[in-house]
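Residue numbers (my numbering), protein chains in the order written: chain A, 1 to 426; chain Y, 1001 to 1346. Below is one structure, written out as structure tokens, with a few remarks after it.
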């Protein structure tokens, strides 16, 4: 199974008369995008913005971030179950507009959406200060319920990202990355001496605006299952999450899942990457028991020697993380966990809500409670009046001079638990 | 030259042993050898300008007063930093070192550092001051000074210490964010390869350890069982004959209750310094229910109440100490044919 990612390095993003990609510059015709978004009758209006690295710009409250991609050969299309019919993806060639991101903002829930600063202290923590950002500020019709609004915004971003990705279909990539993996039998025959490593990818599925979708299926209604590593690179997993900005996985990060990328790079060299197990983080104990039993069972069925487990969110999902760890270690499979911490503003509290001695190998994305000072920036795209309300902010976080004092958790993807960043803690 | 103050106990000050543990804080006229060893290690960059000693009992019994006096002495000599100990495995000395270092850091805002054995109850302060692990006896003094001195100098200069596993101090549990060279996913895969190969690796987040004890099966016939009472609530015969400390206990007591039907205000009290003692002193059965157990004995609901009770103070007592006490006296309980234990806390 082989997927080629054709990377087109985007050097600039501009509005233009015609939507196109030319000489590494993405031009977007505003009408094209507005027409597309306003197909949805639940959306009243949309405003479009562009923000570039280094600009004195603050974007908030950010909902999802998506990387535009297009499938140029092989089965199916990107974001199966959403903008393309449900059809198997993950093979052939996909073009990627590398260096840009599409993000949605809007009033939405107003609790757990994030801040992206393009310069200053905040920019150090979010990976999206380094991308050319295409921003859609989407306003719902009067009286639209929050979950319907979330769905409308999520769908709009996937449609727009698919549209922009389509502009790259016939562009010659600057770079081709080849990702290849073997089926269980081939891998075993080819690399009999390499350790068999799997990846347990935990998906946020607590419901009530905390959801993740796999080929269009709501993950909370799915049993723990297996997915091909490269399927994610074609948008098989989509975020519908409004959990804390710092450690939810935006669709962009699912498309670029760093654990899968690293394991594929090592496949056949230092390890045999056997497969990806996706499991959920539901709220009921029975679901937690079943899902973690299933994770351990699948690790055992695949005959793994080791499994990297990544988490999404914090608090309640800490119990899922620890149950997965304990049960997977119990079937003789060694684990490494990726999580983040809520150790209090002073760093002195217990970082996770649960613990187990088996979790002796942990990678952390940092303490999300750390207080940061974000300077006033020249321009705000969106609405800073929510800063006091989003998770990590408090009444008074937004200072009279426009600067912000809040916990790191307000920054989109700052403590990502798929290991996307360099931030850590000791 | 950086001015550093050194805190030691009466023993290292050469005043005396346990019999002199009651003396209050005092600045020494002559800098003692243990302090000079630190000055020598700093090679002219810093020196111990004053050594303060305090009796271990004095400190334990009037901690706030002792601390105020110690802070005054530090101010009077213009101390820019405080080092305490090393206390090795001396429990109360370790407690004093940890407490003084933590309090002085918090109250005076100057850096502090101490050294002690890893099982010393004073290590409970490792999240409030920097504690360097040492050997369990003074035989390890030279090594302790060699380990403590460079870290003290760094702190005195206002430098940030590196992570505990590189610098060699005890894990503080205080989490600090930092940027790594590589992304988390790469670090995770590398850690996985090391774990699989059985090679050493360092977790980025050491799990808090919980000593989970599986409950014993239920007593088959409680009406025939010998039941013992034990407590961490500090109940002792009036006058606390074995001087169990009000906090961070270094030992436990074993007391005969043959023929005792009721604990009264005249006969028993609590040594515990962590709660309002009025009600326990009025009627110690409230913590150690001898009266009820005698009733149950009479009614035939239990076989009998064991002749001895075991007691200590749970207040600030290190888990390692508590574990040691129980490991000792549970052997006696088994040897005495005790079938069940009721352990009361406060």
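All C-beta atoms, glycine included, are put in the ideal place defined by N, C-alpha and C.
I need the DSSP call for residue i, collapsed to helix, strand or coil.
i               : result
residue 1243(Y) : coil
residue 324(A)  : helix
residue 319(A)  : helix
residue 107(A)  : coil
residue 1028(Y) : coil
residue 314(A)  : coil
residue 400(A)  : coil
residue 1290(Y) : helix
residue 1113(Y) : strand
residue 229(A)  : helix
residue 1336(Y) : coil
residue 1099(Y) : helix
residue 1108(Y) : helix
residue 1171(Y) : coil
residue 290(A)  : helix
residue 1146(Y) : helix
residue 223(A)  : coil
residue 1228(Y) : strand
residue 182(A)  : coil
residue 407(A)  : strand
residue 430(A)  : Because chain A spans 1 through 426 in this model, residue 430(A) falls outside it and cannot be assessed.
Taking DSSP's pairing of strands, which residues face residue i in a bridge?
i               : result
residue 14(A)   : 27(A)
residue 204(A)  : 281(A)
residue 449(A)  : The displayed coordinates of chain A run from 1 to 426. Any statement about residue 449(A) would go beyond what the structure contains.
residue 335(A)  : 307(A)
residue 188(A)  : Note: residue 188(A) sits in no beta bridge, so no partner.
residue 1084(Y) : 1007(Y), 1114(Y)
residue 1254(Y) : 1310(Y)
residue 211(A)  : 240(A)
residue 484(A)  : Absent from the model: residue 484(A). The displayed extent of chain A is 1 to 426, so no value can be given.
residue 1233(Y) : 1313(Y)
residue 1327(Y) : Note: residue 1327(Y) sits in no beta bridge, so no partner.
residue 73(A)   : 93(A)
residue 391(A)  : 393(A)
Name the chain Y residues whose beta carbon is nearer than 8 angstroms to that of residue i?
i              : result
residue 424(A) : 1177, 1178, 1179, 1180, 1184, 1187, 1204
residue 35(A)  : Chain Y residues near residue 35(A): none, gap ~38 angstroms exceeds 8 angstroms.
residue 419(A) : 1183, 1184, 1185, 1186, 1187, 1188
Would you grab the beta carbon distance between residue i and residue j for me? Rounded to a whole angstrom, and I think it's under 8 angstroms.
i               : j               : result
residue 319(A)  : residue 295(A)  : About 13 angstroms separates the two Cβ atoms, so there is no contact after all.
residue 260(A)  : residue 274(A)  : The Cβ separation is near 12 angstroms, so there is no contact.
residue 1056(Y) : residue 1092(Y) : 4 angstroms
residue 73(A)   : residue 92(A)   : 4 angstroms
residue 233(A)  : residue 179(A)  : 7 angstroms
residue 246(A)  : residue 361(A)  : Not quite, the Cβ-Cβ distance comes to about 22 angstroms (not below 8 angstroms), so this is no contact.
residue 410(A)  : residue 114(A)  : 6 angstroms
residue 374(A)  : residue 120(A)  : 7 angstroms
residue 102(A)  : residue 134(A)  : 5 angstroms
residue 1004(Y) : residue 1047(Y) : 7 angstroms
residue 336(A)  : residue 308(A)  : 5 angstroms
Find the residues of chain A that neighbour residue i, judging by a C-beta separation of less than 9 angstroms, and give them in chain order.
i               : result
residue 1110(Y) : Neighbours of residue 1110(Y) on chain A: none; closest Cβ ~19 angstroms, over 9 angstroms.
residue 1195(Y) : 306, 334, 335, 336, 360, 361
residue 1116(Y) : The premise fails here: residue 1116(Y) is roughly 20 angstroms from chain A at the closest Cβ pair, so nothing lies under 9 angstroms.
residue 1170(Y) : Correct list: empty, because the minimum Cβ distance to chain A is about 13 angstroms.
residue 1208(Y) : 350, 351, 352, 355
If the cut is a Cβ gap below 7 angstroms, which residues of chain Y does residue i touch?
i              : result
residue 15(A)  : Per Cβ cutoff of 7 angstroms: no residues; residue 15(A) is ~33 angstroms from chain Y at best.
residue 262(A) : 1185, 1186, 1189
residue 195(A) : 1196
residue 351(A) : 1175, 1205
residue 341(A) : 1175, 1205
Note down, in chain order, every chain A residue with its Cβ under 8 angstroms from the Cβ of residue i.
i               : result
residue 1173(Y) : 348
residue 1033(Y) : None at all; the shortest Cβ gap to chain A is about 36 angstroms.
So with CB distances below 7 angstroms, who are the chain A contacts of residue i?
i               : result
residue 1001(Y) : The contacting residues do not exist; residue 1001(Y) stays about 32 angstroms from chain A at best.
residue 1127(Y) : 348
residue 1201(Y) : 361
residue 1133(Y) : Under the 7 angstroms cutoff, chain A gives no residues; its nearest Cβ is about 17 angstroms from residue 1133(Y).
residue 1192(Y) : 197, 306, 308, 336
| Between the stretch 87-111 of chain A and chain Y, which residues of the former have a C-beta closer than 9 angstroms to a C-beta of the latter? | Within the stretch 87-111 of chain A, contact with chain Y at the beta-carbon level (separation under 9 angstroms) is assigned to no residue.
| Short-range partners of chain Y found in the stretch 353-383 of chain A, where Cβ spacing is below 7 angstroms | 355, 356, 357, 359, 360, 361, 362, 363, 364, 365, 366, 367, 370
| request: Return the residues of the stretch 1081-1106 of chain Y that lie within a Cβ-Cβ distance of less than 7 angstroms from chain A, sorted by chain order. | output: none
| field | Within 9 angstroms of chain Y by C-beta, residues of the stretch 253-284 of chain A in sequence order | value | Residues of the stretch 253-284 of chain A with a C-beta atom less than 9 angstroms from some C-beta of chain Y are 257, 258, 259, 260, 261, 262, 263, 265, 266, 270, 271, listed in chain order.
| task | May I ask you to list, following chain order, the residues of the stretch 1147-1166 of chain Y that have a beta carbon less than 7 angstroms from some beta carbon of chain A? | result | 1163
| Residues within the stretch 384-409 of chain A neighbouring chain Y, beta-carbon criterion of under 9 angstroms | Those would be 408, in chain order.
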